[in-house]
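Note sheet for the following structure.
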Amino acid sequence: MTPHTPIQARTGLPAWALGLTVFVLLVGAVYAGSNLSGENPPIIGGPSASAGGGGPAAALAIINQAGCKACHGQDLNGQPPTFPSLHGLQNGPTVDNLQQLGKAHPKDWMNIWIAGTDKSVSDPAMRKGMPAFSGPPQNLTDAQIEIVVQYLLTLK
Amino acid sequence: MTRKLRPYDVPPRRRRALIPASSDSAAALFMVVGVLWLLVATGIGVLAAGERLFPDILKFTFSVPVGSGITVDVSRSTVDAAFLDALVYGWLTNAGIAAILFITPRLTGERLMSDTIANLGLGAWNLAIAAGIALLYVKGASSAGALAEFPLPVKLLALLGLFTVNGVFWRTVLPTRTIGYISLLYFGIGLLAALGLLALATIPNVLSLGATNDQLLWAFTARGIVTYWVLGVTLGTLYYLVPRVARNPLYSGPLAMLAFVGWLGFAGLSAIGALVDPSVPYAVTTIGQAGTLLLLAPTYLAIANMLATIRGRWSLFLSPGVIPLAVAAMTMLAGAALLESVGALRSVQRLTTGTDWGLGVLVISLLGGSTLAFFAFIEHAAPRMLKRAWRGTLMTLGELWATFAGVTLAGLAMILGGLAHGSLLAQGGTPDQLNLTLLGFRLVAAAGLGLAALGGLTLVVNLFTLYTAGEPVEVLALAPQPQDAGAPRGAGALEPAGR
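Structural data, given as structure tokens:
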């Protein structure tokens with residue numbers, strides 16, 4: 150048999166506790182009241198840092214968080230031929246296996262490749278998209294991919 | 025009735041069950057398994073810190089020729105997920121359930137409904153968590169979503185474990201009508217919430233809701249597990265330990281109830297704040313984030329209540345034991361609550377999302393606050409469960425300071441590194457600049473997590489020494505500890521063995 154060892158408590162609610170509660174409630178109400186309109190960033194893919202605004206900062210946030218650098222290197226120069234460089238893509242793909250995709254979709258071949266939506270790629274494992282071809286829901290959203298693509302197009 | 029032995033009779037051998045069903049056996053087993061998980065979690069934590077320093081070196085992908093082939097992937101994302109899972113579901117959940125199973129009979133005055141059934145829950149839960157963490161490394165076996173990513177069979181087994189523990193708790197408490205004890209209120213809600221949230225996280229494994237809804241559900245679950253389950257069971261444990269060891273009545277019962285009601289509401293709101301996606305109305309997410317900010321109030325009220333309970337017994341703080349550990353835990357919890365509130369603000373979120381800020385706050389809250397609270401629980405409960413005469417030693421101080429210093433270092437390094445990371449990104453910093461700037465922060469974080477791992481190891485050594493070197497006692501009249509000097513001998517001072 151376990152000994153019955155109850156905890157005793159004093160009665161009475163101190164005034165400072167009520168004051169602190171009211172103060173924090175007011176701060177919360179003011180914060181909520183002043184932040185009621187706007188748009189949340191996307192949740193899918195995890196990296197949502199600054200993704201709403203686009204630009205290099207947002208792109209780098211997505212690239213860092215998505216783990217692109219694990220294969221493509223810290224400077225995104227890759228380790229060819231296994232992991233291609235992500236520099237110099239302004240004129241189309243630089244690796245052989247993507248030349249066909251580049252010709253068929255000259256404007257958005259990168260978006261298709263990262264999203265893994267190219268139906269002409271016969272190997273399903275290679276159609277699952279980046280990062281790391283792991284398939285949804287790890288894939289990036291269209292908006293995030295566009296931010297990354299715009300950034301990659303600036304890398305010489 | 026004793027049977028008279030004939031000369032050639034051999035006295036019947038006493039059979040010992042592999043898992044004894046005696047009082048506190050389930051609590052003791054949950055505690056021991058939890059401590060082993062702590063070693064695993066801190067070890068993975070050190071590896072996670074290493075992944076940040078050497079992402080290319082510590083990345084392994086290899087195939088195992090089993091069936092159609094299994095690809096094992098050890099990388100930053102899988103190691104981070106395994107660290108949080110081992111910490112929350114391995115260490116903190118086992119330690120939390122140990123605390124619940126130890127404290128509940130003492131508050132209700134009734135023996136636990138069944139230690140054997142609780143032990144079955146222990147087996148199911150830990151089998152599930154071990155399998156779930158192993159499957160994290162198998163490519164394609166788990167989904168993405170911290171604390172909710174296990175495959176369906178693993179989740180079902182874990183649900184069975186939690187359901188069993190819930191059953192034992194409620195079947196013990198409800199007939200006694202003693203749920204009014206503040207610790208039991210926290211335990212009850214925490215257990216129900218953990219069961220409900222894990223069941224919620226199972227829905228995407230069964231129904232196709234779409235990738236975005238799956239992620240939202242998992243984000244809600246993960247936040248709810250931290251605010252309802254981990255924070256709840258931590259506060260419930262401290263509410264038992266502090267008055268018991270300080271030998272003072274709780275400073276204020278109504279204050280404890282006010283803090284409890286606040287926690288009950290704001291912990292749920294805070295989980296809604298994790299629903300960050302364009303498909304969720306902005307105002308709803310904001311109100312949820314305000315919930316995280318408001319969670320500050322009940323946390324601080326609870327801590328203030330317990331600190332006020334120690335009033336007049338501050339000398340306890342000077343000797344190794346429960347009170348220094350509890351005070352350190354409350355300090356960490358207060359810091360983490362403040363950092364979470366700041367981190368919930370939209371402007372801060374924009375700067376810190378995708379950086380190590382979030383992990384740093386979790387390290388302070390979970391590996392700091394909750395871990396130290398359960399260290400305090402083990403310091404109090406282990407001699408009683410293992411029936412050894414024992415008092416705080418230098419190793420207790422080692423546990424305290426190694427964990428406190430390690431977690432502070434690691435947490436602050438991650439938080440400050442996260443701020444630097446976000447600032448550099450906002451200024452359009454290059455990858456080279458980022459890596460160079462973050463190197464120092466990552467080194468300090470790795471050292472801090474190493475120190476925290478050492479704290480966990482010290483706890484194991486302390487427990488081992490207690491069991492092997494502590495004097496076994498039939499009637500556990502613990503010699504008055506330095507911290508007990510002068511205290512009246514009451515119901516908590518003497519505990520007969522086997523109780």
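Protein sequences, first through last, are from chains A and B. Take 150 as the starting number for the first sequence in the numbering used here and just add one per residue. Take 25 as the starting number for the second sequence in the numbering used here and just add one per residue. Even glycine gets a Cβ: it sits at the ideal position worked out from N, Cα and C.
Thinking C-alpha only, which one of the options is nearest residue i?
i: residue 158 of chain B; options: B:110, B:196, B:363, B:397; result: B:110
i: residue 304 of chain B; options: A:158, A:185, A:154; result: A:185
i: residue 84 of chain B; options: B:66, B:73, B:103, B:370; result: B:103
i: residue 321 of chain B; options: B:347, B:296, B:289; result: B:289
i: residue 191 of chain B; options: B:124, B:421, B:398; result: B:124
i: residue 112 of chain B; options: B:82, B:246, B:194; result: B:246
i: residue 105 of chain B; options: B:386, B:344, B:51; result: B:386
i: residue 299 of chain B; options: B:318, B:240, B:307, B:287; result: B:240
i: residue 287 of chain B; options: B:255, B:492, B:438, B:171; result: B:255
i: residue 171 of chain B; options: B:221, B:162, B:187; result: B:221
i: residue 213 of chain A; options: B:147, B:468, B:260, B:380; result: B:380
i: residue 182 of chain A; options: B:306, B:244, B:68, B:184; result: B:306
i: residue 495 of chain B; options: B:317, B:416, B:412; result: B:412
i: residue 243 of chain B; options: B:198, B:326, B:225; result: B:225
i: residue 261 of chain B; options: B:198, B:403, B:360; result: B:403
i: residue 219 of chain B; options: B:436, B:183, B:96, B:431; result: B:183
i: residue 231 of chain A; options: A:220, A:162, A:259; result: A:220
i: residue 49 of chain B; options: B:135, B:65, B:217; result: B:135
i: residue 581 of chain B; options: B:363, B:249, B:466, B:497; result: No answer is possible for residue 581 of chain B: the residues shown for chain B start at 25 and end at 523.
i: residue 373 of chain B; options: B:445, B:201, B:485; result: B:445
i: residue 86 of chain B; options: B:79, B:78, B:97; result: B:97
i: residue 139 of chain B; options: B:153, B:122, B:151, B:152; result: B:122
Are the beta-carbon atoms of residue i and residue j separated by less than 8 Å?
i: residue 462 of chain B; j: residue 406 of chain B; result: no
i: residue 203 of chain B; j: residue 212 of chain B; result: yes
i: residue 12 of chain B; j: residue 155 of chain B; result: Only positions 25 to 523 of chain B appear in this structure, which leaves residue 12 of chain B out of reach.
i: residue 471 of chain B; j: residue 433 of chain B; result: yes
i: residue 489 of chain B; j: residue 438 of chain B; result: no
i: residue 236 of chain B; j: residue 192 of chain A; result: yes
i: residue 251 of chain B; j: residue 291 of chain B; result: yes
i: residue 120 of chain B; j: residue 148 of chain B; result: no
i: residue 297 of chain A; j: residue 211 of chain A; result: yes
i: residue 117 of chain B; j: residue 208 of chain B; result: no
i: residue 324 of chain B; j: residue 360 of chain B; result: no
i: residue 294 of chain B; j: residue 319 of chain B; result: yes
i: residue 317 of chain B; j: residue 230 of chain B; result: no
i: residue 274 of chain B; j: residue 294 of chain A; result: no
i: residue 237 of chain A; j: residue 251 of chain A; result: no
i: residue 483 of chain B; j: residue 399 of chain B; result: yes
i: residue 65 of chain B; j: residue 409 of chain B; result: no
i: residue 68 of chain B; j: residue 107 of chain B; result: yes
i: residue 283 of chain B; j: residue 326 of chain B; result: yes
Per DSSP, residue i forms a beta bridge with which residues?
i: residue 87 of chain B; result: B:95
i: residue 412 of chain B; result: B:496
i: residue 162 of chain B; result: B:96
i: residue 158 of chain A; result: B:274
i: residue 249 of chain A; result: BP columns for residue 249 of chain A are empty, so no partner.
i: residue 232 of chain A; result: A:228
Near-chain B residues of the stretch 173 to 189 of chain A (beta-carbon distance less than 8 Å), N- to C-terminal order: 173, 174, 176, 177, 178, 180, 181, 184, 185, 186, 187, 188, 189
Short-range partners of chain A found in the stretch 197 to 224 of chain B, where Cβ spacing is below 9 Å: 202, 205, 206, 207
Stretch-stretch touch, CB-based, cutoff 8 Å, three pairs: the stretch 325 to 339 of chain B with the stretch 362 to 370 of chain B: Between the stretch 325 to 339 of chain B and the stretch 362 to 370 of chain B there are fewer than three inter-stretch CB-CB distances shorter than 8 Å, so the stretches are not counted as touching.
Touching by the beta-carbon criterion (3+ pairs, under 8 Å), the stretch 94 to 101 of chain B and the stretch 50 to 64 of chain B: no
Chain-ordered residues of the stretch 142 to 154 of chain B with a beta carbon less than 9 Å from chain A: none
Within 9 Å of chain A by C-beta, residues of the stretch 435 to 453 of chain B in sequence order: 445, 446, 448, 449, 450, 451, 452, 453
The stretch 255 to 271 of chain B touching the stretch 349 to 358 of chain B, judged by at least three CB pairs closer than 8 Å: In short, these stretches touch, since the Cβ pair count reaches three.
Residues of the stretch 378 to 393 of chain B with Cβ closer than 9 Å to any Cβ of chain A, in chain order: 378, 379
The stretch 443 to 450 of chain B / the stretch 474 to 486 of chain B touching (three or more Cβ pairs under 8 Å): no
Selection of the stretch 479 to 500 of chain B by Cβ proximity to chain A, strictly under 9 Å: none
Chain B contacts made by the stretch 252 to 264 of chain A, where a contact means CB separation under 9 Å: none
Proximal residues, the stretch 225 to 241 of chain A versus chain B, C-beta separation under 8 Å: 225
Selection of the stretch 151 to 166 of chain A by Cβ proximity to chain B, strictly under 9 Å: Under the 9 Å Cβ criterion, the stretch 151 to 166 of chain A contributes 151, 152, 153, 154, 155, 156, 157, 158, 159, 160, 161, 162, 163, 165, 166.
Near-chain A residues of the stretch 289 to 315 of chain B - C-beta to any C-beta below 7 Å: Only those residues of the stretch 289 to 315 of chain B whose C-beta falls short of 7 Å from the nearest C-beta of chain A are listed: 300, 301, 302, 304, 306, 307, 309, 310, 311, 314.
Segment contact, 8 Å Cβ cut-off, at least three pairs: the stretch 224 to 242 of chain A with the stretch 297 to 305 of chain A: yes
Within 8 Å of chain A by C-beta, residues of the stretch 233 to 247 of chain B in sequence order: Going along the stretch 233 to 247 of chain B in chain order, one finds 235, 236, 238, 239, 240, 243 with a Cβ nearer than 8 Å to chain A.
Within 7 Å of chain B by C-beta, residues of the stretch 288 to 299 of chain A in sequence order: none
Cβ-based contacts, 9 Å cut-off: residues of the stretch 92 to 115 of chain B near chain A: The stretch 92 to 115 of chain B vs chain A, Cβ under 9 Å: 97, 99, 100, 101.
Positions along the stretch 249 to 278 of chain B whose CB lies within less than 8 Å of some CB in chain A: So the list reads 263, 264, 267, 268, 273, 274, 275, 276, 277, 278, given in the order they occur along the chain.
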